[in-house]
Amino acid sequence: MTAPTDSLVVDIVRTLENEGIPRDSYQLGREFDPEALARLLETGGSSVEVRLEVQGVSLVVTKQAVWATDDPPSSPPECPHCGLPVSAVVQLVPSHHTAYPCGCRVRGDLLE
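My numbering puts the last residue of the sequence shown at 414; the count rises by one with no breaks.
This is how it looks when you write it as C-alpha coordinates:
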(Lines of atoms letter the chains of each structure in order from A; the text may use other names.)
(Lines give C-alpha, C1' and ligand atoms only; values in the text may rest on other atoms or scores of the structure.)
Protein backbone atom coordinates (compact mmCIF):
# COMPACT_ATOMS: atom_id res chain seq x y z
CA MET A 303 0.00 0.00 0.00
CA THR A 304 1.01 3.59 -0.52
CA ALA A 305 1.48 6.20 2.23
CA PRO A 306 -1.92 7.89 1.56
CA THR A 307 -3.61 4.47 1.63
CA ASP A 308 -1.85 3.49 4.88
CA SER A 309 -2.87 6.75 6.54
CA LEU A 310 -6.47 6.35 5.36
CA VAL A 311 -6.65 2.76 6.64
CA VAL A 312 -5.28 3.83 10.04
CA ASP A 313 -7.87 6.64 10.26
CA ILE A 314 -10.71 4.26 9.38
CA VAL A 315 -9.54 1.58 11.84
CA ARG A 316 -9.22 4.16 14.65
CA THR A 317 -12.69 5.52 13.90
CA LEU A 318 -14.16 2.02 13.97
CA GLU A 319 -12.37 1.26 17.26
CA ASN A 320 -13.82 4.47 18.74
CA GLU A 321 -17.25 3.10 17.75
CA GLY A 322 -16.55 -0.18 19.59
CA ILE A 323 -15.72 -2.35 16.56
CA PRO A 324 -12.66 -4.55 17.31
CA ARG A 325 -9.95 -4.85 14.65
CA ASP A 326 -10.30 -8.62 14.38
CA SER A 327 -14.02 -8.51 13.47
CA TYR A 328 -13.58 -7.28 9.87
CA GLN A 329 -11.20 -7.08 6.92
CA LEU A 330 -11.30 -3.71 5.18
CA GLY A 331 -10.30 -5.27 1.87
CA ARG A 332 -13.55 -7.25 1.89
CA GLU A 333 -15.65 -4.19 2.74
CA PHE A 334 -14.16 -1.86 0.08
CA ASP A 335 -10.92 -1.31 -1.85
CA PRO A 336 -8.75 0.97 0.35
CA GLU A 337 -6.34 1.79 -2.48
CA ALA A 338 -9.16 2.79 -4.84
CA LEU A 339 -10.71 4.93 -2.10
CA ALA A 340 -7.38 6.65 -1.45
CA ARG A 341 -6.91 7.33 -5.20
CA LEU A 342 -10.44 8.73 -5.44
CA LEU A 343 -9.81 11.10 -2.53
CA GLU A 344 -6.40 12.13 -3.88
CA THR A 345 -7.64 12.91 -7.39
CA GLY A 346 -11.18 14.08 -6.64
CA GLY A 347 -10.39 17.36 -4.97
CA SER A 348 -11.43 18.74 -1.61
CA SER A 349 -15.18 18.45 -2.20
CA VAL A 350 -15.28 14.64 -2.55
CA GLU A 351 -17.10 12.91 0.28
CA VAL A 352 -17.48 9.12 0.36
CA ARG A 353 -20.04 7.42 2.58
CA LEU A 354 -19.63 3.76 3.38
CA GLU A 355 -20.62 1.23 6.00
CA VAL A 356 -18.30 -1.17 7.82
CA GLN A 357 -19.74 -3.65 10.36
CA GLY A 358 -22.90 -1.59 10.71
CA VAL A 359 -21.04 1.69 11.33
CA SER A 360 -21.75 4.46 8.81
CA LEU A 361 -18.60 6.40 7.94
CA VAL A 362 -17.94 9.62 6.08
CA VAL A 363 -14.51 9.78 4.45
CA THR A 364 -12.97 12.93 2.98
CA LYS A 365 -9.44 13.95 2.07
CA GLN A 366 -9.22 15.73 5.43
CA ALA A 367 -10.87 13.31 7.88
CA VAL A 368 -12.85 10.14 8.66
CA TRP A 369 -15.79 10.18 11.06
CA ALA A 370 -18.75 8.05 12.09
CA THR A 371 -22.22 9.38 11.43
CA ASP A 372 -25.71 8.44 12.54
CA ASP A 373 -26.92 8.85 8.96
CA PRO A 374 -27.03 5.48 7.22
CA PRO A 375 -25.60 5.40 3.70
CA SER A 376 -28.32 6.19 1.19
CA SER A 377 -29.57 3.29 -0.85
CA PRO A 378 -28.29 3.23 -4.43
CA PRO A 379 -30.62 4.44 -7.18
CA GLU A 380 -32.34 1.90 -9.37
CA CYS A 381 -31.49 1.45 -13.02
CA PRO A 382 -34.27 3.13 -15.03
CA HIS A 383 -34.23 0.22 -17.51
CA CYS A 384 -34.01 -2.97 -15.43
CA GLY A 385 -34.65 -1.81 -11.86
CA LEU A 386 -31.45 -3.24 -10.34
CA PRO A 387 -29.46 -1.10 -7.86
CA VAL A 388 -26.73 0.97 -9.55
CA SER A 389 -23.45 1.32 -7.67
CA ALA A 390 -21.51 3.17 -10.38
CA VAL A 391 -21.84 4.72 -13.82
CA VAL A 392 -18.96 3.94 -16.16
CA GLN A 393 -18.09 6.30 -19.03
CA LEU A 394 -15.92 4.82 -21.76
CA VAL A 395 -16.53 7.54 -24.34
CA PRO A 396 -18.10 10.98 -23.75
CA SER A 397 -21.51 10.03 -25.11
CA HIS A 398 -21.90 6.53 -23.61
CA HIS A 399 -22.64 5.83 -19.91
CA THR A 400 -23.17 2.31 -18.57
CA ALA A 401 -24.75 1.38 -15.23
CA TYR A 402 -22.77 -1.02 -13.05
CA PRO A 403 -23.34 -3.86 -12.39
CA CYS A 404 -26.33 -4.36 -14.75
CA GLY A 405 -24.69 -2.93 -17.91
CA CYS A 406 -27.69 -0.89 -19.12
CA ARG A 407 -27.07 2.38 -20.94
CA VAL A 408 -28.05 5.33 -18.69
CA ARG A 409 -27.74 9.11 -18.32
CA GLY A 410 -24.37 10.28 -17.08
CA ASP A 411 -25.92 12.16 -14.14
CA LEU A 412 -27.80 9.16 -12.71
CA LEU A 413 -25.75 9.11 -9.49
CA GLU A 414 -25.54 12.88 -8.95
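The beta-carbon is built from N, C-alpha and C at its ideal position, and this holds for glycine as well.
Given the structure is predicted, the values throughout are model-derived calculations rather than measurements.
Can you give, in chain order, each stretch of the beta strand (DSSP E) that sits fully within the stretch 355-379 and has at least 3 residues? 359-363 and 368-371
For Thr345, is the classification buried or exposed, using 16 other Cβ atoms within 10 angstroms of its Cβ as the cut-off for buried? By the neighbour-count criterion, in which 16 or more other beta carbons inside 10 Å mark a residue as buried, Thr345 falls on the exposed side.
Close Cβ partners of Leu386 (< 6 Å) along its chain, the five nearest in sequence each way excluded: Cys404.
Sequence-distant residues of the same chain with beta carbon closer than 7 Å to Val359, five excluded per side: Leu318, Glu321, Ile323 and Ala370
Pro416 - DSSP class collapsed to helix/strand/coil: Residue 416 is absent from the structure shown; the chain starts at 303 and stops at 414.
So Thr307 is in the alpha helix (DSSP H); what residue range does that whole segment cover? Ala305 to Asn320
Bridge-paired residues (DSSP) for Arg470: Residue 470 lies beyond the stretch modelled for the chain, which goes from 303 to 414, so this question has no answer here.
With DSSP collapsed to three states, give me the class of Leu412. coil
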